[in-house]
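Here is the structure we will look at.
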Amino acid sequence: MSRFLTTLAQGVKWLLLSLVFSILTEWVGMAFWWPEQGLDHSRDML
Numbered sequence: 014m015s016r017f018l019t020t021l022a023q024g025v026k027w028l029l030l031s032l033v034f035s036i037l038t039e040w041v042g043m044a045f046w047w048p049e050q051g052l053d054h055s056r057d058m059l
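Every number in this note's numbering is 13 more than the matching position in the sequence shown, counting from 1.
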């Protein structure tokens, strides 16, 4: 049971880290790479 919970916690950790990385990448991109598109770029990516 503890092995399952450890694996589950690691999976959740990686999902959260990838979400944070994606959001940070989008913010940096909106500031430097796509300043003219801004929010529209984020909406297009969804």
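Backbone N, C-alpha and C fix where the C-beta goes; we use that ideal spot for every residue, glycine too.
Does Met14 come out as helix, strand or coil in the three-state DSSP assignment? Under the three-state reduction of DSSP output, Met14 falls in the coil class, being neither helix nor strand.
Looking only at its own chain, which residues have a Cβ that is under 8 Å from the Cβ of Met58, when we skip the five neighbours before and after it? So the list reads Glu39, once near-sequence residues are dropped.
Which two residues bound the contiguous alpha helix (DSSP H) that contains Met58? Boundaries of the alpha helix (DSSP H) around Met58: 52-58.
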